[in-house]
Each structure stands twice: as C-alpha cells, then as structure tokens.
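Residue numbers (the UniProt record's numbering): 566 to 998. All C-beta atoms, glycine included, are put in the ideal place defined by N, C-alpha and C. Note that the structure is predicted; figures quoted are calculated from it, not measured. Report on one structure; see the data block that follows.
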Ligand code: PMP
C-alpha cells in the first residue's frame, strides 16, 4: 500500500520528480483514490461524477474485472510464445464483432503501440511510406505515432510535419471549409485527399495508407458527414494504400447506435486499431487486419510483444467485451447520450455562447463561441474548471480548446445526465454575469 499523503505533498513531489510536460487537468487538480462505476472519490471521500474518462468503459472498479484479474494472476500470466485458450478466446470475441474480412489480431499494450504497428503493416503491405491523415489528429506518443499526429507535431515545440506525411482538413462541417448547408460536403472534404496523394507521389514517398480517428476527438469531437470515409478510402485504395480506422475513442459501443464508428460511416477499413476502453484500465492495444496484410507483414522477422496478449490481458479484454453485452451498455450509451444531447440542445437555445452541440451516443462535444462566432477558449477553460469545482469532470478539445468534451463511462445513468445539464446551466449562467 502507498502511504497516506496529502494532496499538496503529492503535488510537490510530482513537480520535483516528474517531467514538466506531464500535464495535470484543472487549475485545482483532483486527487482520486477510489472509483465506482462512473463515480470517482477524492482523498476526503468526496464524490465526483466522471463524465470524461473513456478508459473505464464498463465503469471504474468493476467487480467482474477484479475477479478475472485476481483469478488469472493466481493461475499464470505469461506470453504469446505459449499456447493458452484465453488468447484465442479473446481473438474470437473481437472478430465476432468485426466485419468478416478482418481475420488476424495482433495484441500490444497501448493505442500508441497499436498505431505504430498499423503503420508497419501499411508499409509492409504496400512497399510505400507515405501516409495521409486529417489535421489535428492524435494517434499516440511513440516516434511514428507522433509523426502522424498533427495535434502533437504542429504544437509549439513540435518537430513539424515529416516528408512522408500529408495532412487533410478535418471534415468539420460546423467550422470547416464546407458546412452543413452544403449537401455535397462529404465529397468535397474527401476530394481534399487528391492533392495529398499527389504531393506524396511527387515526393516519391508513395501512398502506404490513410489513418484517421473515425470521429476526430482531439480535433474537436467531430462527426464527419455521412459518406466521407468511404469516399476517402476509395481514393486511397486507388492510389495503392490501405485504410486504417483508429477506433480507440469511438469503438466498443460508445456511439450507441453503432458498435464501431466506421459502421456509422458505411466504411470498410483494412486495419482497425483498438486501445483504452478494451482493457478498462488494464493496458491493452489491439490491431485487427486482413489475412493478406498480415501475410505481407509475416516476412521472416518475428513480431513479439512481451506483455501484449498476456494471459491476463486476454482474460480482461474478453471480460470487457462480455460485460458490454451483459449489462446492455451500448443501449445505455444510446439512451443516456440521447438524453444528454436533448438537454444540451435546450441549453444551446438559451445561451448564445453555445455555437454547436454535436455527438452520438456518449461521444459528445459542445462548441463554445464568442458573439462574433470565433472560438471561446477562455470561456471553455472557465466552464471546465467550474464544473470540476461542482464535482463533475469533463474535458476540453479542439485546435482552439473551445469544445467541451463529454465522454463518460458507458454506465452513466439518467439522474447523472440531469445533473450534468443542470450544473452546466448554472455554470453558463454564472459565466454570463
Ligand atoms: N489513438 C487515439 C484516438 C487516442 O485517443 C489515443 C489516446 N488518447 C491513442 C491513440 C494513444 O493511446 P495510448 O495513450 O494508449 O498509447
């Protein structure tokens, strides 16, 4: 057990011994020592409503996750160089929820590692190097993943874009080049991929593939117009590349109506990347691809991850998938998400500073604007912190950090949704004074 320590001491020690760019959320950081479902408790036992974290997908401290973890740790926890039925059971559980052409699973330890591997698959399969990706995306903290994450490489202090990457504008039909009044906006956004492909070809990088968060999250909780992804995928495939769907934020039922984001788009990816929620807090990343792509990668060099696909990870991953079903969490995401959107849209009518309310299931963004329609960054920071003072945890996103991000565990209930809406109403009223 860790020694009981007060928050100030922890903060001081952290400042002394951790890197300065390990960020802390909120002006007044929270210390959280217990969790239960979609609630978190600080060192005084005060409850917070967790309306932000997607990792505890089936809820914090789920008893079934505790039970399988303890059970497996008592038996054995080893790696994929040995046979174990838990590995194949986890693969079966994943594949049964995915389209039939996706047949091969790779297990790693994080979303970053999974995207790094997806890049290697794309290159092994195509022999090309170049990648097309939407602006403001995030795919992870490793060297390769940062190179395809404009959210990182284009920040002050970032290394800038490498010559094997081309960015396309995010298909944001609220603020971007083509808006909701344009019925042809999906095609127009997809057409932006043409010059990106041409640029990679001109630089002799070739087109290894396209990677995108199916719904861009750090880019501002964006839902691309229907038909966008299939049109992009057609262009990428025509140029010889493969299509990677980063479903780390959107997968596993969060969207309510759809188990995966690419289903909403009617798109058929060649590679699907899973992370965060699949382990419910235990580190798991998964890459799922076609037999052909896996065979191109199987070129004589062994692929091995010491902890990826460990017996423990496979047991936990399977249990998460089963809990989503047993507890009807996808249906709850749809129900709770619809209630939340309805409440937020009522606030939108009341407050001019809400420019847009968008979302699907429990993937929701509230874009805050100034009277001239520009991004209300300071207001967003104020609202996020005041919500925290009232013990509701939400986040903020977008290139100008003016979009409130609401993305709770899928267990969240109707009373909690009411509390979010009522509290946000109070905070916005306070801000208006
Ligand atoms: N892809 C997406 C869409 C993500 O949101 C994240 C994490 N925020 C990652 C990849 C990276 O995952 P990890 O932090 O587990 O490496």
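Nearest in C-alpha terms to residue 597, of all of 972, 791, 991, 953, is 953. Take the alpha-carbon of residue 876 and the one of residue 767: they are about 46 Å apart.
For residue 704, the three-state secondary structure derived from DSSP is coil. Inclusion of residue 841 in the 7 Å shell around the ligand PMP follows from its C-beta lying nearer than that to a non-hydrogen atom of the ligand. Placement of the Cβ of residue 716 at a distance of 7 Å or more from every heavy atom of the ligand PMP is found.
With 16 or more neighbouring CB atoms inside 10 Å of its own CB, residue 775 falls in the buried class. Under the rule that a run must span 3 or more residues, the beta strand (DSSP E) segments found entirely inside the region 887-944 read 919-925, 928-933. Judged by DSSP secondary structure, residue 856 falls within the alpha helix (DSSP H) whose first and last residues are 856-862. Burial state of residue 661 is exposed, judged by a 10 Å Cβ sphere holding fewer than 16 other Cβ atoms. In this structure the region 778-787 does not touch the region 745-759; the number of beta carbon pairs closer than 8 Å is below three.
Across the structure, residue 652 and residue 879 are spaced so that their CA atoms are roughly 6 Å apart.
With respect to residue 819, residue 898 sits close: the two C-beta atoms are nearer than 8 Å. Annotated three-state conformation of residue 959 is coil, per DSSP. When rounded, the separation of the alpha-carbon atoms in residue 731 and residue 712 is 10 Å. Around the CB of residue 807, 16 or more other CB atoms lie within 10 Å, so the residue is classed as buried.
By the Cβ neighbour-count rule, residue 687 is buried, with 16 or more other Cβ atoms within 10 Å of its own. Straight across, the Cα-Cα distance linking residue 605 with residue 613 is about 5 Å. Of the heavy atoms belonging to the ligand PMP, at least one sits nearer than 7 Å to the Cβ of residue 680. Between the region 672-690 and the region 701-709, the count of C-beta pairs closer than 8 Å reaches three or more; the two stretches touch. Your pair residue 697 and residue 733 checks out as a contact, with CB atoms roughly 6 Å apart and the cut at 8 Å. Considering only 630, 796, 593, the residue with the shortest C-alpha distance to residue 956 is 593. Looking at 822, 626, 884, 931, the one whose alpha-carbon comes closest to that of residue 602 is 626. Residue pairing from DSSP places residue 811 in a beta bridge opposite 778, 838. Annotation for residue 919: 912, 913, 931, 933 place their beta carbon closer than 7 Å to its own, counting only its chain and skipping 5 residues before and after.
Relative to the ligand PMP, the nearest heavy atom lies less than 7 Å away from the CB of residue 778. The three-state reading of DSSP puts residue 773 in strand, counting E and B together. Separation of residue 692 and residue 773 (C-alpha to C-alpha, rounded to the nearest whole angstrom) is 7 Å. DSSP links residue 698 through a beta bridge to 732. A Cβ-Cβ separation of about 51 Å leaves residue 856 out of contact with residue 608 under the 8 Å criterion.
A residue is called buried once 16 or more other Cβ atoms fall within 10 Å of its Cβ, and residue 847 is buried on that count.
When the beta-carbon positions are compared, residue 965 and residue 942 come within less than 8 Å of each other.
Residue 863 and residue 790 do not touch by the CB rule: their CB atoms are close to 38 Å apart, not below 8 Å. Taking a C-beta distance under 8 Å as the contact criterion, residue 926 and residue 986 do not qualify as a contact pair.
Under the 10 Å beta carbon count, residue 983 is surrounded by fewer than 16 other beta carbons and is classified as exposed. Rounded to the nearest whole angstrom, the CA to CA distance from residue 656 to residue 928 is 26 Å. Under the DSSP assignment, residue 970 falls in the beta strand (DSSP E) whose first and last residues are 968-971.
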